[in-house]
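Visitor:
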Amino acid sequence: MDYQNPDVAKVAELLKSRLNDLSNKADILRAVELKALFEGIKLLPPEQRGAYGKEVNNLQNELKGLVAASEDVQVSLLPIDLSAPFDVNVSPSKRPHFISNNLGSIHPLMKELETILDIFYRMGFSAVESRQLDDDYHMFESLNFPEDHPARDDYDTFMTTEGLIAPAQTSTMQNRILQMHKDNLENGLPIATVIPGRVFRNEDLDARHEHTFYQIEGIYVAKGVNVGNLIATLQTFLQEYYGKQLEVKTQPYYFPFTEPSFEFALSCPFCEKKGCNICSMTGWIELLGCGMIHPNVLKEAGIDPNIYTGFAWGVGLDRLVMMKYDIEDVRYSESGRLDFLRQFS
Amino acid sequence: MKVSLQLVGNCQSSFDVSRFNADTISGLTDKIAAQLGAVDAVTDLAQKYQDSLVVKVVSCEKHPSADKLHVCKIDDGGKFENIDRDENGFVQIVCGAPNVREGLSVVWLPPGVIVPSSMDKDPFKLEAREIRGVISNGMLASASELGLSEDHTGILEVDDDIAKGSNFSEQYRLNDFIIDIENKMFTHRPDCFGHLGVSRELAGIYGQSFKSPDWYREDPGSLTVTGQPLELKITNNLTKEVPRFAAVTIANITIKPSSVQIQAYLSRLGIRPINNVVDLTNLYMVITGQPLHAYDYDKVSQLTNGQGASLSVRYPKDGEKITLLGGKEVKPSSKTIMIATDSQAIGVGGVMGGSETEVDDQTKNIILECATFNMYSIRRTSMELGVFTEAVTRFTKGQSPRQNLAVLKKVSEEICQASGGNIASDVIDDNKDLPTPPTVKLSAGFINERLGSNYSPDDIAQVLMNVEFEVTIQNDDLIVVAPFWRTDIEIPEDIIEEVGRLRGFDSLPQSLPIRSIKPAAKDPLLSLKQEIRFQLSKLGANEVLTYSFVHGDLLDRMSQDKKNAFQITNALSPNLQYYRTSLLPSLLEKVHPNIKSGYDEFGLFELNPVHNKLAIEQSSQVPIEAQHLGFVFAANSKTAKSQYEGASYYQAKQYLSTLMFSLGVSAMVEGISDPNEIPPDLKDVVAPFEPSRLSGVILPSGDLIGFIGEFKPSVKKALKLPDFVCGFEIDLGKLIGASPSRPIYQKLSKYPFVEQDICFKVANNMSYQAIIDLVWNEFSNVEGGVVLRGITLVDIYQRPDDIDHKQVTIRISAINYERTMTDAEITLLLDQLSSVAKDKLNAERI
Numbered sequence: 000m001d002y003q004n005p006d007v008a009k010v011a012e013l014l015k016s017r018l019n020d021l022s023n024k025a026d027i028l029r030a031v032e033l034k035a036l037f038e039g040i041k042l043l044p045p046e047q048r049g050a051y052g053k054e055v056n057n058l059q060n061e062l063k064g065l066v067a068a069s070e071d072v073q074v075s076l077l078p079i080d081l082s083a084p085f086d087v088n089v090s091p092s093k094r095p096h097f098i099s100n101n102l103g104s105i106h107p108l109m110k111e112l113e114t115i116l117d118i119f120y121r122m123g124f125s126a127v128e129s130r131q132l133d134d135d136y137h138m139f140e141s142l143n144f145p146e147d148h149p150a151r152d153d154y155d156t157f158m159t160t161e162g163l164i165a166p167a168q169t170s171t172m173q174n175r176i177l178q179m180h181k182d183n184l185e186n187g188l189p190i191a192t193v194i195p196g197r198v199f200r201n202e203d204l205d206a207r208h209e210h211t212f213y214q215i216e217g218i219y220v221a222k223g224v225n226v227g228n229l230i231a232t233l234q235t236f237l238q239e240y241y242g243k244q245l246e247v248k249t250q251p252y253y254f255p256f257t258e259p260s261f262e263f264a265l266s267c268p269f270c271e272k273k274g275c276n277i278c279s280m281t282g283w284i285e286l287l288g289c290g291m292i293h294p295n296v297l298k299e300a301g302i303d304p305n306i307y308t309g310f311a312w313g314v315g316l317d318r319l320v321m322m323k324y325d326i327e328d329v330r331y332s333e334s335g336r337l338d339f340l341r342q343f344s
Numbered sequence: 000m001k002v003s004l005q006l007v008g009n010c011q012s013s014f015d016v017s018r019f020n021a022d023t024i025s026g027l028t029d030k031i032a033a034q035l036g037a038v039d040a041v042t043d044l045a046q047k048y049q050d051s052l053v054v055k056v057v058s059c060e061k062h063p064s065a066d067k068l069h070v071c072k073i074d075d076g077g078k079f080e081n082i083d084r085d086e087n088g089f090v091q092i093v094c095g096a097p098n099v100r101e102g103l104s105v106v107w108l109p110p111g112v113i114v115p116s117s118m119d120k121d122p123f124k125l126e127a128r129e130i131r132g133v134i135s136n137g138m139l140a141s142a143s144e145l146g147l148s149e150d151h152t153g154i155l156e157v158d159d160d161i162a163k164g165s166n167f168s169e170q171y172r173l174n175d176f177i178i179d180i181e182n183k184m185f186t187h188r189p190d191c192f193g194h195l196g197v198s199r200e201l202a203g204i205y206g207q208s209f210k211s212p213d214w215y216r217e218d219p220g221s222l223t224v225t226g227q228p229l230e231l232k233i234t235n236n237l238t239k240e241v242p243r244f245a246a247v248t249i250a251n252i253t254i255k256p257s258s259v260q261i262q263a264y265l266s267r268l269g270i271r272p273i274n275n276v277v278d279l280t281n282l283y284m285v286i287t288g289q290p291l292h293a294y295d296y297d298k299v300s301q302l303t304n305g306q307g308a309s310l311s312v313r314y315p316k317d318g319e320k321i322t323l324l325g326g327k328e329v330k331p332s333s334k335t336i337m338i339a340t341d342s343q344a345i346g347v348g349g350v351m352g353g354s355e356t357e358v359d360d361q362t363k364n365i366i367l368e369c370a371t372f373n374m375y376s377i378r379r380t381s382m383e384l385g386v387f388t389e390a391v392t393r394f395t396k397g398q399s400p401r402q403n404l405a406v407l408k409k410v411s412e413e414i415c416q417a418s419g420g421n422i423a424s425d426v427i428d429d430n431k432d433l434p435t436p437p438t439v440k441l442s443a444g445f446i447n448e449r450l451g452s453n454y455s456p457d458d459i460a461q462v463l464m465n466v467e468f469e470v471t472i473q474n475d476d477l478i479v480v481a482p483f484w485r486t487d488i489e490i491p492e493d494i495i496e497e498v499g500r501l502r503g504f505d506s507l508p509q510s511l512p513i514r515s516i517k518p519a520a521k522d523p524l525l526s527l528k529q530e531i532r533f534q535l536s537k538l539g540a541n542e543v544l545t546y547s548f549v550h551g552d553l554l555d556r557m558s559q560d561k562k563n564a565f566q567i568t569n570a571l572s573p574n575l576q577y578y579r580t581s582l583l584p585s586l587l588e589k590v591h592p593n594i595k596s597g598y599d600e601f602g603l604f605e606l607n608p609v610h611n612k613l614a615i616e617q618s619s620q621v622p623i624e625a626q627h628l629g630f631v632f633a634a635n636s637k638t639a640k641s642q643y644e645g646a647s648y649y650q651a652k653q654y655l656s657t658l659m660f661s662l663g664v665s666a667m668v669e670g671i672s673d674p675n676e677i678p679p680d681l682k683d684v685v686a687p688f689e690p691s692r693l694s695g696v697i698l699p700s701g702d703l704i705g706f707i708g709e710f711k712p713s714v715k716k717a718l719k720l721p722d723f724v725c726g727f728e729i730d731l732g733k734l735i736g737a738s739p740s741r742p743i744y745q746k747l748s749k750y751p752f753v754e755q756d757i758c759f760k761v762a763n764n765m766s767y768q769a770i771i772d773l774v775w776n777e778f779s780n781v782e783g784g785v786v787l788r789g790i791t792l793v794d795i796y797q798r799p800d801d802i803d804h805k806q807v808t809i810r811i812s813a814i815n816y817e818r819t820m821t822d823a824e825i826t827l828l829l830d831q832l833s834s835v836a837k838d839k840l841n842a843e844r845i
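Residue numbers (numbering that gives the first Met the number 0), protein chains in the order written: chain A, 0 to 344; chain B, 0 to 845.
(1) Anyone know if the C-beta pair for Gly726 (chain B) and Val631 (chain B) falls short of 7 Å?
(2) For Lys272 (chain A), would you say it is in contact with chain B, using Cβ-to-Cβ distances shorter than 7 Å as the test?
(3) Only counting the same chain, and skipping five residues up and downstream in sequence, which positions put a Cβ closer than 7 Å to that of Val114 (chain B)?
(4) I want to see whether chain A comes within less than 7 Å of Gly335 (chain B), judged by CB atoms only; does it?
(5) For the segment 323–332 of chain B against the segment 276–290 of chain B, are there 3 or more C-beta pairs whose distance is under 8 Å?
(6) Between the segment 247–259 of chain A and chain B, which residues of the former have a C-beta closer than 7 Å to a C-beta of the latter?
(7) Which value, in whole angstroms, describes the spacing of the CA atoms of Ser506 (chain B) and Gly227 (chain A)?
(8) For Cys71 (chain B), name the three-state secondary structure that DSSP assigns.
(9) For chain A, is any of its Cβ atoms less than 7 Å away from the one on Asp722 (chain B)?
(10) Taking a Cβ distance cut-off of 7 Å, strictly less, list which residues of the segment 182–202 of chain B are near chain A, in chain order.
(11) Any chance the segment 128–141 of chain A sits against the segment 100–109 of chain A, with 3 or more Cβ pairs inside 8 Å?
(12) Measuring CA to CA, which of B:Ala686, B:Gly663, B:Phe176, B:Tyr215 is closest to Ala68 (chain A)?
(13) Considering only the beta carbon of each residue, do Lys711 (chain B) and Asp71 (chain A) sit closer than 7 Å?
(14) Hey, Arg692 (chain B) and Tyr648 (chain B) are a contact pair by Cβ (cut 8 Å); roughly how many whole angstroms apart?
(15) For Gly49 (chain A), count neighbouring Cβ atoms within 10 angstroms of its own Cβ and tell me buried if that reaches 16, exposed if not.
(16) Give me the subset of the segment 543–571 of chain B whose CB atoms are less than 9 Å from a CB atom of chain E, sorted by chain position.
(17) Between Ser779 (chain B) and chain A, is any beta-carbon pair separated by less than 7 Å?
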């Protein structure tokens with residue numbers, strides 16, 4: 000690595016040559032010269048600290064890398080026969096074996112996803128997974144969000160240095176799905192697809208908020224599709240999912256990519272509308288956003304909105320699972336804790 | 000958007016708001032939720048002011064033992080019950096306000112009442128108590144204690160003509176409900192950021208016909224200039240971003256607090272009352288959705304060259320800074336809309352005015368501005384400056400440039416009336432080419448098809464005309480012109496939303512779509528993942544989900560190249576700064592915490608895509624999402640010792656082989672002969688593996704799809720991994736949709752099979768694969784109906800005194816289809832095998 004700052008470059012050269020002679024390579028990270036560089040940061044005028052500090056950090060990281068590499072070289076393992084099923088001189092009871100299958104588990108979010116996909120497959124929907132890194136065109140532009148549109152404020156997205164976006168919703172796949180299946184329409188078949196996937200919102204973590212979570216998007220386009228179809232389809236899905244009759248209701252909402260747009264609520268399946276802590280004593284659970292696909296979104300995918308209409312929805316998977324098991328903290332999902340996971344064996 | 004039901008009532012005399020009380024309000028809010036937008040909260044203000052009474056101070060004497068206190072007698076007309084009264088029926092109160100005096104009409108909070116301003120935080124209940132030896136029955140309230148403003152310099156003086164003992168809330172229409180409707184619903188509804196718009200919608204929802212007040216029309220007529228004119232010049236250099244800039248001057252005003260009524264209206268909506276000019280601009284903003292701004296005319300004039308005052312609309316000059324109201328100094332970027340005199344900027348257009356030309360207590364003359372700004376520009380500026388105001392909220396919804404004159408005229412008249420001023424200039428209106436309202440033509444059939452309804456053209460027309468659309472019916476067609484405040488109506492689908500919503504979506508007939516019985520295709524990737532999950536969980540492993548983003552240090556410690564990882568510019572924390580280039584580091588991070596929590600041994604796996612800058616889809620230029628499976632097995636030292644012997648590598652292999660077998664994939668696990676052959680984007684995947692304990696996973700096609708092995712000492716050290724740890728990571732891309740190889744069926748034999756062990760002593764570096772390849776090959780040449788059923792490894796033994804060799808014992812199972820196989824026969828076969836092994840592998844039979 001080349002260092003712009005002459006002081007850093009000099010120390011870099013010095014320490015790298017000293018590294019060869021050290022028996023304990025990690026000692027290099029405690030070198031007085033390196034410490035002096037770090038102390039030098041606060042002696043600089045504030046505007047120069049950033050660039051200098053970055054160089055010093057880079058040097059420290061490079062040295063860490065060299066120390067790690069030398070550690071890896073120092074340990075030489077006995078060669079083994081990679082093609083064999085087990086090692087030499089291993090007694091039969093200590094050969095590779097599986098741990099008890101009672102302990103194995105599928106992640107509760109994925110288990111739920113499988114249940115839901117099964118229902119939608121039976122309802123005639125195909126499925127495809129959503130992307131986890133996408134471009135502005137798919138996440139916003141193709142969904143009728145012009146650049147600088149205030150509606151973008153509702154989506155605090157993560158961006159990469161290249162301007163790519165960590166999708167804030169599975170709708171980022173809508174344009175692709177419409178394009179991919181538009182031939183269906185000419186053949187008299189609907190476009191019917193659900194799109195599960197991981198999405199991201201730039202918001203601080205707490206027991207009820209995750210920056211990473213799962214959604215399931217659904218799209219249905221054909222001739223003569225109407226708002227009543229949308230409500231009936233979602234109601235049918237939810238009744239199948241919860242295995243009981245449910246009331247549903249809509250609230251007008253705003254999404255740039257649907258017109259009209261709704262929030263969709265169902266009567267609480269856990270208390271039969273009597274009021275419980277899951278529905279905050281209201282008897283209703285607001286579960287998903289939906290609407291009739293905006294003609295501009297259809298047009299953008301090359302579908303004539305005067306001939307075909309359709310609806311789309313998005314539902315949060317984490318919420319369904321948290322409600323189902325009464326899980327108190329959304330962060331457990333991505334915690335990797337066996338305390339949590341093995342409860343779903 | 001906070002909506003006051005009383006203000007709604009003001010906008011619409013036919014909509015009787017008094018019928019709603021604590022018991023019936025939910026009927027209204029349910030309807031709002033179903034047909035306008037989600038209701039976040041409802042506050043019953045009347046509760047706050049239940050026993051606040053307007054009273055007269057009939058006497059006011061100095062407190063005998065405190066300089067700053069007065070002992071007052073108040074007359075509530077005998078209204079309040081259960082209280083000590085003197086012989087005249089008056090109540091005694093001690094008051095410390097400097098403005099308390101005989102004859103004042105004030106608000107009395109009797110004992111037992113909770114001070115309204117404390118209601119939401121820490122309720123403070125009043126009682127009759129002694130203050131320096133004199134009994135005080137409750138208190139006389141300041142505007143601050145009533146929660147109306149921050150003014151606590153004295154008690155609130157209310158209008159003289161209010162009858163003693165009247166309920167304060169009824170007098171000032173504080174017997175109100177504040178309904179907080181979610182802003183998001185109104186993203187495209189500039190009109191609903193004003194009470195007028197909400198009133199109109201409520202009428203529409205209730206099927207009533209709404210009529211806007213007379214003053215609210217596109218051409219409201221002119222204002223009359225009286226007295227000495229105040230000259231004002233306007234130059235709009237940004238007509239594209241500021242489609243309309245209208246202003247007028249008002250002279251000879253007296254700044255003072257607004258009437259109690261206006262203060263009461265603003266404070267309930269969370270807007271702080273300031274003075275009789277600013278309050279009126281704010282009040283009409285909450286009524287019409289149109290923000291206005293008042294400048295001190297004389298301050299502007301001082302910053303203007305020559306006579307009078309001039310305002311211009313322009314971009315900032317190089318390095319220009321401005322101090323906003325409230326004292327924050329900002330440096331606007333080059334495309335910010337600035338309001339300026341010819342010497343300097345005095346406001347950020349549509350966002351916030353500058354402090355230098357602020358209306359204050361000494362202001363005598365003002366300029367009142369009523370402009371329209373481009374919503375995109377306002378949004379950008381607001382984000383850049385980090386300034387979020389009521390004006391920004393409204394301008395970013397696209398306020399209509401065709402309401403400015405009505406609002407300007409109305410507010411000017413109200414200001415003149417409230418402050419004794421007079422209009423001192425004509426309205427200066429820079430209106431260039433205002434957009435004409437779009438005419439939308441559509442048929443009733445078009446609407447019904449999309450709603451699933453059966454409305455007649457007349458039904459539809461009525462619904463729209465209720466909210467002041469112009470509708471002409473021509474046969475089955477409706478020609479619809481949106482009213483001037485509805486900038487959101489452009490296309491037929493917008494009309495469908497209106498009709499469906501105002502009639503109620505939930506009342507539409509509901510039916511499932513009719514579809515063909517053609518089966519829906521299952522997605523191969525999702526199905527593969529499902530199968531892997533099922534198989535690995537059956538083998539005792541646990542599926543985890545970990546974040547797609549990792550810390551740069553983790554990549555460094557794994558010897559992965561950070562340059563290949565997509566970097567997040569606005570990460571929440573350094574822990575989430577890079578898109579991961581492989582799954583294993585995330586899984587390995589979860590090993591130590593679980594060991595520490597007391598789990599002796601476990602297998603963790605994850606199915607998720609990874610991204611690498613070296614892998615970009617050629618056609619679409621978006622990064623390839625490489626769908627990976629990562630698996631890690633770990634055991635703490637105690638369990639490793641008691642349960643396992645030999646290299647942990649084989650434990651990972653056991654899992655991988657079993658998984659691949661159950662997926663029907665015949666993958667080979669082979670050492671990597673040439674590391675340079677590894678494709679660039681897989682280099683980051685292989686990075687954490689220890690090279691001497693590493694194999695590639697190779698499909699029969701020859702495709703390298705991943706790696707299996709143990710991890711580098713530096714990786715183990717960095718993540719505090721136990722000694723017994725291993726794993727694999729494979730790219731599922733090549734497995735997706737590949738039809739699994741069918742089991743090869745062998746016809747059943749009438750004769751039993753035989754099994755026999757054979758042991759070879761081979762060089763220590765001879766691979767097991769070479770031995771079994773040889774056996775399979777040999778048996779395939781055997782004639783006479785003999786078939787090899789399978790080979791099982793029984794043991795690999797190394798004598799302590801001969802580490803250059805090992806003894807490999809395998810069990811051979813064979814069958815003859817033509818007759819019962821004898822021991823002699825199999826012995827002969829094995830003898831033949833031994834001699835070939837001797838030749839080819841230098842293997843000695845033991």
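In this text, a Cβ means the ideal position worked out from N, Cα and C, and glycines have one as well. Treat the numbers as computed from the prediction; the structure is a model and nothing was measured.
Guide: Based on what the coordinates show:
(1) Result yes, Cβ atoms of Gly726 (chain B) and Val631 (chain B) sit closer than 7 Å.
(2) No, Lys272 (chain A) lies away from the interface with chain B (no Cβ there is under 7 Å from its Cβ).
(3) So the qualifying residues of the chain are Leu108, Phe123, Leu125, Glu144.
(4) According to the sequence as given, residue 335 (chain B) is Thr; it is not Gly. Not one chain A Cβ lies under 7 Å of Thr335 (chain B).
(5) Touching, no, given that fewer than three Cβ pairs across the two stretches are closer than 8 Å.
(6) From the segment 247–259 of chain A, only Lys248, Thr249, Gln250, Pro251, Tyr252, Tyr253, Glu258, Pro259 have a Cβ closer than 7 Å to chain B.
(7) Going from the Cα of Ser506 (chain B) to the Cα of Gly227 (chain A) covers about 9 Å.
(8) Residue state, collapsed to three classes: strand.
(9) Chain A contact via Cβ: absent.
(10) Listed in chain order, the positions of the segment 182–202 of chain B with a beta carbon within less than 7 Å of a beta carbon of chain A are Lys183, Met184, Thr186, His187.
(11) Touching, no, given that fewer than three Cβ pairs across the two stretches are closer than 8 Å.
(12) When each option's Cα is compared against that of Ala68 (chain A), the closest is B:Ala686.
(13) Inclusion of Lys711 (chain B) and Asp71 (chain A) in the CB contact set at 7 Å is warranted, their separation being smaller than that value.
(14) Confirmed, about 5 Å.
(15) Counting Cβ neighbours within 10 Å, Gly49 (chain A) comes out exposed, since fewer than 16 surround it.
(16) The chain inventory of the structure shown lacks chain E, comprising the protein chains A and B.
(17) It does not: the Cβ of Ser779 (chain B) has no partner Cβ on chain A nearer than 7 Å.
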